[in-house]
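Below you'll find the structure, written out as structure tokens, and then a few comments.
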Amino acid sequence: MIRLLTRSLSARLLAIFLLTSLAYAFGSRYAVELVLDRDYLREIVGAHIARYTSYLLDDLGYPPSIERARAIVEGNPYDLWIDGPGLRWASDPDFPDPDRLDFEDSEFIDRIRSSAGPDSGWAGKLDRVAFTRHDRHSYVMIREGGYRVVFVAPKISERPPPDLTWPIIGLVSVLFLALCYLGVRVTVRPVEAIKAGVDRIAQGDLDYRIPVTRRDELGELTVEINRLADDVQEMLEAKRQLLLAISHELRSPLTRAKLAAEFLDDDSTRASLLEDLQEMERLIDDLLEGEQLNTRHSKLQLAETDLVALIGTLLRDEFADQEERIAWQPPAQPVPARVDATRLRLLLRNLVNNALCYSPEDGEPVEVSLEAEGGTARIRVRDHGSGMSPDEVARATEPFYRADPARCRDTGGLGLGLYLCRRIAEAHGGRLDIDSRKGEGTTVSVTLPLAGPAEAA
Numbered sequence: 043m044i045r046l047l048t049r050s051l052s053a054r055l056l057a058i059f060l061l062t063s064l065a066y067a068f069g070s071r072y073a074v075e076l077v078l079d080r081d082y083l084r085e086i087v088g089a090h091i092a093r094y095t096s097y098l099l100d101d102l103g104y105p106p107s108i109e110r111a112r113a114i115v116e117g118n119p120y121d122l123w124i125d126g127p128g129l130r131w132a133s134d135p136d137f138p139d140p141d142r143l144d145f146e147d148s149e150f151i152d153r154i155r156s157s158a159g160p161d162s163g164w165a166g167k168l169d170r171v172a173f174t175r176h177d178r179h180s181y182v183m184i185r186e187g188g189y190r191v192v193f194v195a196p197k198i199s200e201r202p203p204p205d206l207t208w209p210i211i212g213l214v215s216v217l218f219l220a221l222c223y224l225g226v227r228v229t230v231r232p233v234e235a236i237k238a239g240v241d242r243i244a245q246g247d248l249d250y251r252i253p254v255t256r257r258d259e260l261g262e263l264t265v266e267i268n269r270l271a272d273d274v275q276e277m278l279e280a281k282r283q284l285l286l287a288i289s290h291e292l293r294s295p296l297t298r299a300k301l302a303a304e305f306l307d308d309d310s311t312r313a314s315l316l317e318d319l320q321e322m323e324r325l326i327d328d329l330l331e332g333e334q335l336n337t338r339h340s341k342l343q344l345a346e347t348d349l350v351a352l353i354g355t356l357l358r359d360e361f362a363d364q365e366e367r368i369a370w371q372p373p374a375q376p377v378p379a380r381v382d383a384t385r386l387r388l389l390l391r392n393l394v395n396n397a398l399c400y401s402p403e404d405g406e407p408v409e410v411s412l413e414a415e416g417g418t419a420r421i422r423v424r425d426h427g428s429g430m431s432p433d434e435v436a437r438a439t440e441p442f443y444r445a446d447p448a449r450c451r452d453t454g455g456l457g458l459g460l461y462l463c464r465r466i467a468e469a470h471g472g473r474l475d476i477d478s479r480k481g482e483g484t485t486v487s488v489t490l491p492l493a494g495p496a497e498a499a
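If you want the numbering used here, it's the position in the sequence shown, counting the first as 1, plus 42.
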């Protein structure tokens, strides 16, 4: 319940309304009781009750007359019971024994005593006036000396309808709360639409805009969110265009620099310079590839490809000189999948390069495995290096992030490898997961749908 209140705006609004209703109900009851306890109201009510009771006593006479009692009962909606010296009479044979009823003394005895007529015989003689409720009937007992008179309303023979006050209040309360809940749901429905729209924008659908259907504060919030999405889209597009322009403009001077480096006489200087220029070319290629994959409009060249053959060919062509440091465990059967073979080779090359980079040369070999299950293929690359902390794992797929900048500088590591791998996996409708612990090495898993991204979606 507490979790629901902390996470649901409609639940909080309903709880606030319910608490307010309860506070209002108790406050109203207290206010009514406070008014009823006021002396002037008690004076008025007490005077009316005393006057009516005195009328009954005047009609009944003192000592009580059975004939008058019968006449009173016949003309009024109540029964009488009289008990006294040599007298015990009830207007209804089913009249309950008053001695078994729990009467409470009334504060109006003085008023009734003073209100009784001087000729009634009851004036100044009243000892007790008491009230009680029994079996949905109201009883009033008047006692003087040896006489007791009990009035009961309604008549004993009449069965009062059941008291439906609390059931009706409960039903009305439930209906009222249901209507309030529906009202709250209607009120917060735009919030749910805004949340769904924000989720779509956050997932990369920057072209989506939340429909504005209201003119209140929620409508203004929707407009502001759409304006923010416009600003973010423009900023990202400007960044992308700038990055693409810079990358393209760098290719021409790099080509001229490579050509000039070829004419250097010093072999070591030429080799070092060409290696640096090659590193810059790789950086440009990775940046361009990352930006192409970063847009939802990028096109993959999908084709039916045997993943077993693709991985085996890549390891044989790209890592022939590292063969003893790589343990490839191919499955017995081919694993066909609709993938972009060129980009998948780039993904695998980066993963294996990273694993070799962070594995000691005299340590256990890097393990590469492939398995297919449930319409997906899972490629795993595991090294036995120093591993990463949870914070480093969380940032490992960010562009230009390297857990240890001092490592692999000679291999041209720029922190784009895992970023590109993640983008390639996501472009195929898959995902990239990293499991790493300090001192135990790192395992990178790439899960891809065998049917391809469009069919998997």
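Backbone N, C-alpha and C fix where the C-beta goes; we use that ideal spot for every residue, glycine too.
Computed from a prediction, not measured in an experiment: that's the story for all the values here.
- Beta-bridge annotation (DSSP): T174 is paired with Y181.
- DSSP links Y400 through a beta bridge to no other residue.
- Here Q375 carries a coil assignment [DSSP, helix/strand/coil].
- Distance between A113 and V182, taken at the CA atoms: about 19 Å.
- Annotation: the continuous beta strand (DSSP E) that includes T347 extends over 344 to 348.
- Straight-line measurement puts the Cα of I252 at about 38 Å from the Cα of I421.
- With 16 or more other Cβ atoms from the protein chains shown falling within 10 Å of its own Cβ, I353 counts as buried.
- DSSP places R257 in the coil class of the three-state scheme, outside both helix and strand.
- I198 carries a coil assignment under DSSP once its states are collapsed to helix, strand and coil.
- Rounded to whole angstroms, the gap between the alpha carbons of V240 and R282 is 22 Å.
- Sequence-distant Cβ neighbours of D258 in its own chain, meaning closer than 8 Å and more than five residues away, do not exist here.
- Taken in chain order, the whole beta strand (DSSP E) runs of length 3 or more contained in the stretch 416 to 445 are 418 to 425.
- In the DSSP secondary-structure assignment, R473 is bridged to T489.
- Within the stretch 259 to 311, no beta strand (DSSP E) run of at least 3 residues lies entirely inside it.
- R358 and A302 have their C-alpha atoms spaced approximately 33 Å apart.
- For R387, the CB contacts under 6 Å within the same chain, skipping 5 residues up- and downstream, are L356 in chain order.
- In the structure shown, the three-state DSSP call for R54 is helix.
- Annotation for E323: L296 place their beta carbon closer than 7 Å to its own, counting only its chain and skipping 5 residues before and after.
- The shortest C-alpha to C-alpha distance from P232 to any of C399, S199, L260 is the one to L260.
- Secondary structure of S478 (DSSP, three-state): strand.
- Setting aside the 5 residues that flank it on each side, V265 is surrounded in the same chain by V254, each with a C-beta closer than 8 Å to its C-beta; the list follows chain order.
- Per DSSP, reduced to three states, the secondary structure at L206 is coil, with no helix or strand assignment.
- Nearest neighbour of P491 by Cα position, chosen from H179, V381, L390, turns out to be V381.
- Nearest C-alpha to I267 among K237, V216, L306, D134: K237.
- For G126, the enclosing beta strand (DSSP E) covers residues 121 to 126.
- Among the bridge pairs identified by DSSP, A414 is matched with A419.
- Ranking R175, V216, P378, R185 by CA distance to the CA of L60 puts V216 first.
- In the three-state reduction of the DSSP assignment, G212 falls in the helix class, which pools H, G and I.
- Going by C-alpha positions, A493 is about 28 Å away from A397.
- Judged by DSSP in its simplified three-state form, Y66 adopts helix.
- DSSP places A111 inside the alpha helix (DSSP H), whose first and last residues are 108 to 117.
- Counting along the chain, no beta strand (DSSP E) covers L248, and no H or E run does either.
- As DSSP reads the structure, R380 sits in a beta bridge with E346.
- Per the coordinates, the alpha-carbon of F173 lies some 46 Å from the alpha-carbon of R54.
- Around the beta carbon of I198, 16 or more other beta carbons sit within 10 angstroms, so the residue counts as buried.
- Of the candidates R175, G188, E186, R175 places its Cα closest to the Cα of V194.
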